[in-house]
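Reviewing the structure listed below.
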Amino acid sequence: MENNLKTIDYTQICVCANLRKKTRVVTQLYDRLLQPTGLKVTQYSMLANIAHQQTVSISRLGEILQLDQTTVTRNINILKQSGYVELTKNPQDARTKIISLTDQGKEKLNEATPIWQTIQERIIADIGIDQYANFYDTLRTIQKIIRSYDEA
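Last residue of the sequence shown: 152 (the UniProt record's numbering), numbering continuous.
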């Protein structure tokens with residue numbers, strides 16, 4: 001085993017490290033191109049998911065985005081301060097906060113979506129639709145595998 005440690009560069013083949021490095025590069029691109037809107041890609045993603053759901057609880061949004069509740073709450077508070085979302089109490093359970101887009105949030109999402117769409121389309125065109133579909137499937141497979149570790 002010691003011999004393998006000398007011949008294999010684990011810093012280059014580590015699944016986690018490589019995914020983190022690549023996602024940082026992609027995130028930086030999206031953030032830079034979305035900069036004129038004042039949104040980061042994480043904020044855009046939250047607004048888009050809230051719009052898709054129409055109304056959603058903080059915990060459900062966390063499940064969708066696979067983020068812990070603290071991270072969702074922190075980001076929602078930033079969006080709320082910007083006037084893009086509003087929080088209301090769930091009529092069935094006053095402990096649950098429901099998030100929805102404000103008119104200003106819808107306008108901001110409409111402003112940012114063409115930029116996001118352009119980035120998406122360009123990346124997919126540059127790598128090819130089949131390669132993108134394979135990449136997406138691979139990411140989903142990795143996610144299923146990782147979830148199976150938690151169940152074992």
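Ideal Cβ placement from N, Cα and C applies to all residues, glycine included.
Assuming contact is defined by CB atoms lying nearer than 8 Å, are residue i and residue j in contact in what I supplied?
{"i": "residue 54", "j": "residue 62", "result": "no"}
{"i": "residue 19", "j": "residue 119", "result": "no"}
{"i": "residue 50", "j": "residue 85", "result": "yes"}
{"i": "residue 79", "j": "residue 43", "result": "yes"}
{"i": "residue 99", "j": "residue 124", "result": "no"}
{"i": "residue 106", "j": "residue 57", "result": "no"}
{"i": "residue 11", "j": "residue 17", "result": "yes"}
{"i": "residue 82", "j": "residue 65", "result": "no"}
Between residue i and the rest of its own chain, which residues show a CB-CB distance below 7 Å, the 5 nearest in sequence each way excluded?
{"i": "residue 48", "result": "109"}
{"i": "residue 41", "result": "27, 30, 31 and 34"}
{"i": "residue 146", "result": "none"}
Ordered along the chain, which non-local residues of its own chain (more than five positions away) have a Cβ less than 6 Å from that of residue i?
{"i": "residue 72", "result": "58, 61 and 62"}
Specify the secondary structure class of residue i as computed by DSSP and reduced to three states.
{"i": "residue 10", "result": "helix"}
- Query: Taking contact to mean at least 3 C-beta pairs separated by less than 8 Å, is the segment 21-38 in contact with the segment 104-117?
  - Reply: yes
- Message: Restricting to runs no shorter than 4 residues, where is the alpha helix (DSSP H) found entirely within the segment 121-152?
- Response: 129-151
- Fully enclosed by the UniProt domain "HTH marR-type" (12-144), which beta strand (DSSP E) runs are 3 residues long or longer? 55-57, 85-89 and 97-101
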